[in-house]
Amino acid sequence: AMLDDIAGELAAGPQAEAALELADRLLEKGRLLNANYRYRDAASELARALELQQASAANRSWGPTGLELAWARYSLGRAEEAIALIQEALPRTPPEGNAELLARAYGSLANMHRARGRFEQAAQARETQGTLVGEGEGRAELLFETAMDARQRHGPASREAREMLRWSRQAAAGEGDRLTEARAALQLCLLGAEGGGEPACADDVARSAQQALRDSGVPRLAAEAGLARARMLRRAGRSAEARGEMDRLLDELQWYQRFLPGVLGAWYAESRAGLAREYLALSAGGDSPGVRYLLALERIRSVEAADSVLPPSRMLEPATEEALRSLLARREAASGDAARSLSAELFRQIEMARQGCPGCGPGGVDRLSEDGLQALLQGLDRDEGVLAYFLDGGEARAALATRGGVRTVSLAQPERIQQLLARTRESAARSGAGPASAAALADLEALGKLLLQPLGRELPPRIYLLPAGPLRAIPFDALRLDGRYLAEQHLLVNLASLGALERRRPSLRAGYRDRVFVAGNPQNQRDPFRFEISLSPEIGAVTDRFVGPGLHVVQGVALRKDEFADERFAQAAVVHLAIPGVIDLASPERSRLLLAAAPDAADTSRVSRVSGDPADYLSPADVASFELEADLLLLSATGVSGSGESPFDGRVPLVSDFLAAGAAVVLFSLWPAGDEVAAKFAHGFYGRLESDPDVASAFMATRQAGIQSGGETNLSAWAGFQLFIR
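Residues in the sequence shown are numbered consecutively from 130, following our numbering.
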C-alpha cells in the first residue's frame with residue numbers, strides 16, 4: 130500500500146523524473162559501498178533506490194538494483210532475503226550489459242542453495258552461471274565452486290569433486306589465476322585427509338597452498354585456507370597444532386568482524402557452522418574437556434558478536450579504516466605484480482592496525498583464557514551454575530558448569546528441539562494478548578523434557594544461561610518439568626558473556642533513589658489543544674515508587690531524542706523506558722525504540738516498518754554512543770521479532786547495546802504485555818528492591834508472585850520479562 134501511494138505521487142512529470150534520478154544516484158552509491166565491503170550501508174541506500182524505482186510509473190527495469198541489493202544482503206548473511214530478491218529481480222534484469230551482474234547473482238544463488246542442502250536448485254543456478262561465464266576468465270573459479278557443490282552433496286568421497294578440482298587447477302594455471310589454483314590444491318589435500326580416496330598430499334604442498342592464500346591479502350581466502358589446514362591437522366592426529374591454527378583463525382576473524390565488518394563477505398555466514406563444529410571437536414581432547422568445550426562455545430559467540438555497533442572511541446580511526454578498505458578492494462581487483470605489491474602493503478597496514486587498535490589485547494583481540502574460565506567457575510557458590518547449549522541442525526548438546534567442573538550432555542531429537550523452539554517463539558510473541566494455550570503449554574513441557582531433563586537433578590537453584598540463536602527469543606524459565614515452570618524453583622539470569630560471572634550478583638548502590646530517569650508513553654498528548662498531563666498506569670506505578678527530587682520523568686510529546694543527551698539520563702542509577710520498540714534478531718540494525726515524533730509509535734506491530742527518520746527513534750547505533758552509569762535499565766514495552774540465521778549469536782539488539790554502553794543490568798520484555806501488566810510488574814519489582822537491593826533476587830520474587838497470582842496459563846503476566854547482566 131505504501132508503494133502504491135508513492136507511485137501515485139510520482140506518476141506525473143518532473144517529480145517522477147527527479148525520483149528516478151535520485152534512485153540512480155542511490156544505486157551508484159550502493160555499488161560503491163558494496164565494492165568497499167560496507168554492506169549494511171549499501172543495503173540501506175539500495176533499498177531506497179529500489180523503492181523509488183518500483184514506485185515509478187516509468188517503464189524502467191529495477192532488476193539490476195534488486196540484484197545489487199541482494200548481493201549486499203547475501204554478504205551480510207541474510208540468505209533467505211537475498212534468495213527471494215534474486216528470484217524476483219532476475220526476470221526484470223535485461224541480459225544486455227548485465228552479464229557479469231547476472232553471473233554473480235546466479236553464483237551467489239547456487240552458493241546459498243548449497244549451504245541449505247537444496248542441491249537441485251544449486252545445480253540449476255550453477256549451470257546458468259556457467260553459461261554466462263563461458264570458457265573465458267572466471268572459468269577456474271566456476272569449476273572450483275562446482276567441485277564444492279559436489280563435495281557438499283556427496284561428501285569427501287565424491288569423485289566429481291576431485292575431478293572438478295583438478296580441472297579447476299588446470300584452468301586457473303591457464304588463466305594465471307594463482308589464488309584459485311592454490312584453493313583447488315588445498316581442497317584436494319583436504320579431500321585426501323578426510324579419506325575421500327585421493328592420496329593425502331605431502332605436507333609441504335598443503336602448507337605452500339595455504340601460505341599462498343594467506344599472502345594474498347584477501348581475508349576470506351586466508352580464512353578458508355586456515356580452516357582447511359586445521360581440518361587436515363586434526364585428521365592427521367596433530368590436535369595441538371590444529372587448535373593453534375584454529376585459535377589464530379578465530380582471532381583474525383574476530384578482529385575483522387569487529388574493526389572491518391564486511392570484508393569476509395558471505396564466507397563467514399556460510400562457514401560458521403563448519404567452523405564451530407571443527408572448533409568444538411578439537412575441544413573434546415586433553416584434560417578438562419568440559420571446560421574446553423564451554424570455552425570453545427564462548428569463543429564462537431565472541432566472533433559472532435564482534436560486528437556489533439561500536440562507539441567511535443572503540444573503532445579504528447576513520448582514515449585508517451577507509452585506507453584499509455580501499456586497499457582490500459584494490460587488491461581483489463588486481464593481478465600479477467600489482468597484486469603482490471598491494472598484498473605486502475596490506476599485511477603491513479593491518480598488522481599496525483591490529484597492534485594499535487583501541488581496547489584490544491595482544492594481537493588485536495580480547496579473549497578469555499582456560500585459566501581465566503577455571504577461576505570464574507571456582508568462584509561460583511554451591512547454589513550456582515552456568516548453562517549453555519549448542520543447537521545446530523542435526524546436533525544438540527548441553528553444557529552445565531559448576532564449581533565442581535563442566536558436564537556436557539548429548540541431547541536427543543535435535544530436529545524436534547528446533548521445531549519446538551520455533552513454535553514456542555511464535556506462541557510467545559502472541560502471549561501478550563492473553564492466556565497461554567494448551568498447545569503452548571504442551572510445547573513448553575516437551576522442551577523441558579528435551580533440554581532440561583537430561584541434566585537430571587543437577588540444575589542448581591541459581592542458573593546463569595548463555596542464550597544463543599533461538600534461545601534468545603523464548604522465555605527459557607517458562608520451560609516446564611513435571612508440570613511446573615523452571616522459574617518456580619530456579620532463578621534464571623542471562624549472561625551477555627562468561628565474563629559477566631564476575632558481576633553475577635548485581636545490586637543497586639546506596640542512594641539510587643536520588644538518580645532515577647523515567648521515559649515513556651510517547652503517544653500521550655497528541656492533541657495540541659489538550660494540556661493536562663495524564664500518566665499511564667505504568668508510569669504512575671514507577672513514579673509512585675520513586676517520588677522525590679531525584680526523579681526525572683519525560684513522557685508524551687516531550688519524549689524526543691535530545692532527552693537522551695541529558696546528563697540526568699547518563700548519570701541515572703535506575704532507567705525505566707516504557708517506550709514501544711522492536712528487537713529485530715534477523716536484522717539487528719532495524720531494531721528501534723520509538724519516540725514521540727514517530728507517526729506510529731503506539732503500533733508496535735509496525736515498528737520496524739514505520740518512519741525512516743532517525744529523529745523518530747533510538748537505534749542500536751544511538752545506544753552505542755551512550756555512556757551510562759545505570760545499575761538497572763528496564764525496557765518494558767519491547768517485542769522480539771525474527772529469529773536470525775546463526776545458532777551461535779548471543780546478542781539481543783538494544784539489550785546488548787545498552788549493556789555495552791555501561792548498564793550493569795538490563796530487564797526487557799520479549800513481547801509488549803500491555804500497560805496494566807507492566808504497571809503491576811514495575812510496582813512489585815521496585816517495591817521489593819526497596820528492602821533487598823539484589824536485582825536478581827527481587828526479579829525472581831516478582832516473577833514467582835506473578836505465577837502464583839494467575840495460574841499456569843498467565844504467561845503474559847510474568848514470563849515476558851527477561852534479565853541480562855554484562
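Glycine residues also receive a C-beta, built at the ideal position from the N, C-alpha and C atoms.
When burial is assigned at 16 or more other CB atoms within 10 Å of the CB, is residue i buried or exposed?
{"i": "proline 678", "result": "exposed"}
{"i": "serine 185", "result": "buried"}
{"i": "arginine 855", "result": "buried"}
{"i": "glycine 685", "result": "buried"}
{"i": "phenylalanine 476", "result": "exposed"}
{"i": "glutamate 446", "result": "exposed"}
{"i": "arginine 659", "result": "Unreliable positioning characterises arginine 659 in this predicted model, as indicated by a pLDDT of 49, which lies under 50. The coordinate reading is nonetheless provided below. Flag for arginine 659 reads exposed."}
{"i": "alanine 359", "result": "buried"}
{"i": "leucine 231", "result": "buried"}
{"i": "methionine 481", "result": "exposed"}
{"i": "leucine 151", "result": "exposed"}
{"i": "valine 420", "result": "buried"}
{"i": "glycine 534", "result": "exposed"}
{"i": "glycine 910", "result": "Given a span of 130 to 855 for the chain in the structure shown, any question on residue 910 remains unanswerable."}
{"i": "valine 736", "result": "Note that valine 736 scores a pLDDT of 43, beneath 50, so its modelled location is shaky and nothing firm can be said."}
{"i": "arginine 280", "result": "buried"}
{"i": "threonine 767", "result": "buried"}
{"i": "valine 711", "result": "buried"}
{"i": "valine 794", "result": "buried"}
{"i": "glutamine 144", "result": "exposed"}
{"i": "serine 785", "result": "buried"}
So residue i and residue j are supposed to be a Cβ contact under 8 Å. How far apart are they, rounded?
{"i": "leucine 747", "j": "leucine 722", "result": "4 Å"}
{"i": "arginine 511", "j": "arginine 532", "result": "7 Å"}
{"i": "leucine 156", "j": "glycine 192", "result": "Not quite, the Cβ-Cβ distance comes to about 12 Å (not below 8 Å), so this is no contact."}
{"i": "alanine 354", "j": "leucine 362", "result": "Not quite, the Cβ-Cβ distance comes to about 13 Å (not below 8 Å), so this is no contact."}
{"i": "phenylalanine 787", "j": "glutamine 851", "result": "Wrong, their Cβ atoms sit about 13 Å apart, outside the cutoff."}
{"i": "arginine 460", "j": "glycine 577", "result": "With 8 Å as the limit, arginine 460 and glycine 577 do not qualify as a contact, their Cβ atoms being about 52 Å apart."}
{"i": "alanine 790", "j": "valine 752", "result": "6 Å"}
{"i": "alanine 886", "j": "serine 556", "result": "No answer is possible for residue 886: it lies beyond the span of the chain, which begins at 130 and ends at 855."}
{"i": "proline 599", "j": "arginine 554", "result": "6 Å"}
{"i": "leucine 319", "j": "leucine 350", "result": "No, leucine 319 and leucine 350 are not in contact; Cβ-Cβ is about 15 Å, not under 8 Å."}
{"i": "alanine 597", "j": "glycine 779", "result": "4 Å"}
Tell me which residue opens and which closes the alpha helix (DSSP H) that residue i is part of.
{"i": "glycine 195", "result": "192-204"}
{"i": "glycine 303", "result": "288-304"}
{"i": "leucine 424", "result": "418-434"}
{"i": "isoleucine 860", "result": "Here the chain covers residues 130 to 855 and nothing more, so residue 860 does not appear."}
{"i": "glycine 465", "result": "465-485"}
{"i": "glutamine 684", "result": "Where glutamine 684 is concerned, there is no enclosing alpha helix (DSSP H), although the beta strand (DSSP E) it sits in stretches over 680-684."}
{"i": "leucine 231", "result": "228-244"}
{"i": "glycine 284", "result": "That residue, glycine 284, is in no alpha helix (DSSP H); it is neither H nor E in DSSP."}
{"i": "aspartate 786", "result": "784-789"}
{"i": "phenylalanine 698", "result": "696-699"}
{"i": "alanine 744", "result": "Taken as a continuous stretch (DSSP letters only), alanine 744 belongs to no alpha helix (DSSP H), as it is neither H nor E."}
{"i": "alanine 218", "result": "208-218"}
{"i": "aspartate 170", "result": "168-184"}
{"i": "glutamate 256", "result": "248-262"}
{"i": "threonine 449", "result": "447-462"}
{"i": "proline 749", "result": "749-753"}
Identify the continuous beta strand (DSSP E) that holds residue i and give its terminal residues.
{"i": "leucine 706", "result": "703-707"}
{"i": "glycine 768", "result": "767-770"}
{"i": "arginine 721", "result": "721-723"}
{"i": "valine 711", "result": "710-713"}
{"i": "leucine 584", "result": "Unbroken run through leucine 584: none, as it is neither H nor E."}
{"i": "leucine 764", "result": "761-764"}
For this session: Entirely within the segment 593-655 and at least 3 residues each: give me those beta strand (DSSP E) ranges in chain order.
Result: 620-624, 645-649
Problem set entry | Sequence ranges, beta strand (DSSP E) only - wholly within the segment 512-558, length at least 3 | 513-521, 524-531, 534-539
Exercise. Per the contact definition of three or more C-beta pairs closer than 8 Å, is the segment 633-653 in contact with the segment 605-617?
Worked result: no
Exercise. Fully enclosed by the segment 318-400, which alpha helix (DSSP H) runs are 4 residues long or longer?
Worked result: 332-343, 348-364, 368-388
Exercise. Taking contact to mean at least 3 C-beta pairs separated by less than 8 Å, is the segment 829-848 in contact with the segment 684-696?
Worked result: no
For this session: Inspect the CB distances between the segment 410-419 and the segment 239-254 and report whether three or more fall short of 8 Å.
Result: no
Exercise. Quick check: the segment 199-206 against the segment 162-181, are there 3 or more CB pairs under 8 Å?
Worked result: yes
Exercise. Can you find at least 3 beta carbon pairs, one from the segment 442-455 and one from the segment 517-524, that sit closer than 8 Å?
Worked result: no
For this session: Report the residue ranges of all beta strand (DSSP E) runs contained in full by the segment 792-841; include only those spanning at least 3 residues, in chain order.
Result: 794-798
Exercise. Are there three or more Cβ pairs, one per stretch, closer than 8 Å when the segment 363-377 is compared with the segment 396-412?
Worked result: yes
For this session: Report yes or no: do the segment 764-784 and the segment 812-821 share at least 3 C-beta pairs separated by less than 8 Å?
Result: no
For this session: Inspect the CB distances between the segment 279-294 and the segment 257-265 and report whether three or more fall short of 8 Å.
Result: no
Exercise. Is the segment 669-677 close to the segment 614-630, with three or more CB pairs under 8 Å?
Worked result: no
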